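Asks: Sending over a structure as C-alpha cells; questions will come in a sec.
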Amino acid sequence: MRVIEQLVYLSPVPWSSFAQRPHKFVEWFHQETHGRVLWIDPYPTRLPMLQDLRRPSGEGKSDAHTAAPPWLDVVRIRSLPLEPLPLGTAINRFGWRDITRRVTQFCAERNTLLAVGKPSALALDVLRAARPARSLYDRMDDFPSFYRGVSRSAMKRTELAVAREVDTVFVSSSGLRSSWSSIRPDAKLVHNGLDPAVLPAFREKTSDHTGPHVLGYLGTMGPWFDWQWLAALAQCRPADTIRLIGPLFHPPQIALPANVQILPPLKHAAALAAMSDFDVGLIPFLRNPLTDGVDPIKYYEYRALGLPVISTPFGEMATRCDEPGTFLSSGSENLSSIVVEALEYRTTPDEVSRIRSANSWAARFSATGILG
C-alpha cells in the first residue's frame with residue numbers, strides 16, 4: 253500500500269464555514285503527513301427552492317475560517333443549480349474543466365488521497381479522470397433525504413455511483429452503515445468526534461445545587477427538532493429553564509411554556525462556555541429518515557463538558573441507552589423521573605478526560621488506517 257502524501261478534498265461545506273468534520277479531517281491529515289491539501293468548496297447539487305430565500309442568516313453562529321493556511325488551497329466552483337436536470341451537468345462541465353485538469357495534475361505529482369465529502373457530478377468526473385493513489389467517500393449524512401423530487405433521485409444515483417468508484421467508504425453512524433449493508437458491506441464506521449483543544453476546562457458540579465436548573469440545547473433548530481417533546485419537558489419541569497441556543501430555521505407550530513428560552517446563535521467559543529452553564533444537555537430530535545443516520549456532534553461535546561444528556565431515541569442516539577450519563581426518552585411518560593435521574597448523575601474529572609481523549613477527531617481518523 254502506497255503511503256499517502258497529499259489530499260484532494262471535495263467538501264460538503266465551504267472552507268469559510270465553521271469548523272466541522274471536513275475541516276477536522278484535513279487538519280488531521282496535514283498534522284500526520286505535512287502534505288498539501290486541495291480543498292474544493294461545494295456547489296449546488298439540487299434545484300433551487302423557495303425556502304432558500306427564507307433562511308435566517310445565522311449571524312454569529314460560528315467561528316468561520318477567514319483565511320486558508322499556507323498548506324491548503326481553496327478552489328471554488330463556477331456552476332448553475334442545474335445538476336439534477338438531464339443537460340445540467342453537461343452545461344456545468346464547461347465551468348469546471350480547468351478544475352478537473354488541476355486535480356488530475358495534482359494527483360500525478362505525488363501519492364494522493366482523493367476524498368469525497370459530498371456526492372456530485374464533479375466528484376465523479378475527478379474520480380474517473382485523476383486516478384488518485386487512493387480514494388474515499390466519507391458518508392456523513394443520508395444526502396438524498398435532504399432533497400425532494402428530481403433532486404433526490406439524482407442525488408441517489410450520484411451517491412451510488414461515487415460509492416462504486418471509491419476504494420474506501422466511511423460512514424458516521426450505524427444507521428448509515430446498515431442502510432448500505434448490501435451496497436458497501438466493507439464500509440467503516442467512523443463516528444463523529446470533538447476537538448479537545450477548544451473545550452473549556454471541566455467544571456465539576458457540586459452536589460448541593462438544588463435548583464432551578466438549566467436544561468439546555470445548543471444547535472440548529474430545523475425540521476428535525478421535536479417541539480412537542482420539548483414542550484412536554486418544559487411542562488413537567490416548570491421551575492427549571494429550558495434554554496435553546498442557535499439558528500431557528502423551523503419555528504415551533506405550538507405555544508411553548510413560559511420557561512422556554514430561545515436565544516440567538518453564538519460563536520463556537522462562547523457557545524461552549526454557554527453549554528458549561530447547562531445542568532443537562534438536550535438532544536430533542538424527531539425520529540425520521542432525516543435523522544436515522546445522524547450521530548450528533550453535540551452529544552460528544554455535552555459529555556466532554558461533564559454534562560448528562562437527555563435525548564430522544566433517534567439515529568445513533570438510539571444505540572446509547574447503556575452509555576453512562578445518557579438518558580433516552582421517547583415521549584412524555586416518565587420524563588420527569590428521567591430528568592431527576594439525569595440531574596443526580598455526576599461525571600468525574602477522570603471520566604471527562606477519558607471522554608475527550610477517546611472521542612477526539614484525531615483518535616477517530618487515526619484508527620481508520622486510511623493513510624497507509
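Letter by letter, the sequence shown follows residues 253 to 624 in this note's numbering.
Built from N, CA and C at the ideal position, the CB exists for glycine as well.
Just so it is clear, the structure is predicted and the values come from calculations on it, not from any experiment.
(1) Quick one: is Ser263 buried, meaning 16 or more other Cβ sit within 10 Å of its Cβ, or exposed?
(2) State the Cα-Cα distance for the pair Met407 and Ser431, rounded to the nearest angstrom.
(3) Can you list, in chain order, the stretches of the beta strand (DSSP E) that have 3 or more residues and sit fully within the segment 304-385?
(4) Would Ser309 be called buried (16 or more neighbouring beta carbons within 10 Å of its own) or exposed?
(5) Just grab the DSSP bridge partners of Ser563 for me.
(6) With H, G and I counted as helix, E and B as strand and the rest as coil, what does DSSP make of Phe617?
(7) Name the two residues that bound the continuous beta strand (DSSP E) containing Trp232.
(8) Reducing DSSP to helix, strand and coil, say where Ser612 ends up.
(9) Okay, do the segment 480-487 and the segment 500-510 touch, 3+ Cβ pairs below 8 Å being the bar?
(10) Determine contact between the segment 578-598 and the segment 441-455, defined as no fewer than three beta-carbon pairs at a distance below 8 Å.
(11) Quick one: what's Asp390 bridged to in DSSP?
(12) Beta-carbon within less than 8 Å of Val327's beta-carbon, same chain only, minus the 5 sequence neighbours each way: which residues are those?
(13) Would you mind giving the Cβ-Cβ distance between Tyr389 and Ser331, rounded to the nearest angstrom? I have them listed as a contact below 8 Å.
(14) Going by CA-CA distance only, name the one from Gly340, Ile343, Met569 that's closest to Gly427.
(15) Between the C-alpha atoms of Arg484 and Phe422, what's the straight-line distance to the nearest angstrom?
(16) Find out if the Cβ-Cβ distance for the pair Asp419, Val466 is shorter than 8 Å.
(17) Going by C-alpha to C-alpha distance, which of Ser434, Arg616, Tyr261, Gly533 sits closest to Leu441?
(18) Whole-angstrom Cβ separation of Gly567 and Val546, contact assumed at under 8 Å?
(19) Taking the straight line between their C-alpha atoms, what separation do you get for Ser269 and His520?
(20) Could you please give the first and the last residue of the uninterrupted alpha helix (DSSP H) stretch that includes Gly401?
(21) In the DSSP assignment, the beta strand (DSSP E) including Thr199 goes from what residue to what residue?
(22) In the DSSP assignment, find the unbroken beta strand (DSSP E) run with Thr633 in it and report its ends.
(23) Over what stretch of residues does the alpha helix (DSSP H) that includes Ile256 continue unbroken?
Replies: The relevant details are as follows:
(1) Here the question's residue 263 lines up with position 11 in the sequence shown. With 16 or more Cβ atoms within 10 Å of its Cβ, Ser263 is classed as buried.
(2) Counted from its first residue, the sequence shown places residue 407 at position 155. Counted from its first residue, the sequence shown places residue 431 at position 179. In a straight line, the C-alpha of Met407 is about 16 Å away from that of Ser431.
(3) You should have 324-327, 364-368.
(4) Within the sequence shown, the letter at position 57 stands for residue 309. Only weak support exists for where Ser309 lies, its pLDDT of 49 falling under 50; the coordinates are left without a value.
(5) For the purposes of this step, residue 563 is taken as the residue at position 311 of the sequence shown. Ser563 is bridged to Ile535, Leu580.
(6) Residue 617 sits at position 365 when you count from the first residue of the sequence shown. In this structure, Phe617 counts as helix in the three-state DSSP scheme.
(7) Summary: the structure shown does not reach residue 232, with the chain confined to residues 253 through 624, and so no result is reported for it.
(8) The count along the sequence shown starts at 1 and reaches residue 612 at position 360. Strand, per DSSP.
(9) yes
(10) no
(11) Locating residue 390 in the sequence shown gives position 138, counting from the first residue. Phe422.
(12) As a working mapping, residue 327 is identified with position 75 in the sequence shown. The residues are Leu290, Trp291, Ile292, Asp293, Ile351, Arg354.
(13) Residue numbering aside, residue 389 sits at position 137 when the sequence shown is read from its first letter. Residue numbering aside, residue 331 sits at position 79 when the sequence shown is read from its first letter. The pair is not a contact, with the Cβ atoms about 20 Å apart (cut-off 8 Å).
(14) Looking up residue 427 in the sequence shown gives position 175. Minimum Cα distance to Gly427 is reached at Met569.
(15) For this step, residue 484 is matched to residue 232 along the sequence shown. For this step, residue 422 is matched to residue 170 along the sequence shown. Arg is not the amino acid found at residue 484; the sequence shown has Ala there. Cα-Cα distance, rounded: 37 Å.
(16) Working through the sequence shown from its first residue, we reach residue 419 at position 167. Working through the sequence shown from its first residue, we reach residue 466 at position 214. Going by C-beta atoms, Asp419 is not nearer than 8 Å to Val466.
(17) Indexing the sequence shown from 1 puts residue 441 at position 189. Ranking the options by Cα distance to Leu441, first place goes to Arg616.
(18) Along the sequence shown, read from residue 1 onward, the residue named residue 567 stands at position 315. Along the sequence shown, read from residue 1 onward, the residue named residue 546 stands at position 294. Right, their Cβ atoms sit about 4 Å apart.
(19) The count along the sequence shown starts at 1 and reaches residue 269 at position 17. The count along the sequence shown starts at 1 and reaches residue 520 at position 268. Taking the straight line from one Cα to the other gives about 12 Å.
(20) As a working note, residue 401 is residue 149 in the sequence shown. Residues 401-417.
(21) No statement about residue 199 is possible, as the shown extent of the chain runs from 253 to 624 and does not include it.
(22) A question about residue 633 goes unanswered here, because the residues of the chain that appear run from 253 up to 624.
(23) Here residue 256 refers to the residue found at position 4 when the sequence shown is read from its first residue. Ile256 -> no alpha helix (DSSP H), and no H or E assigned at all.
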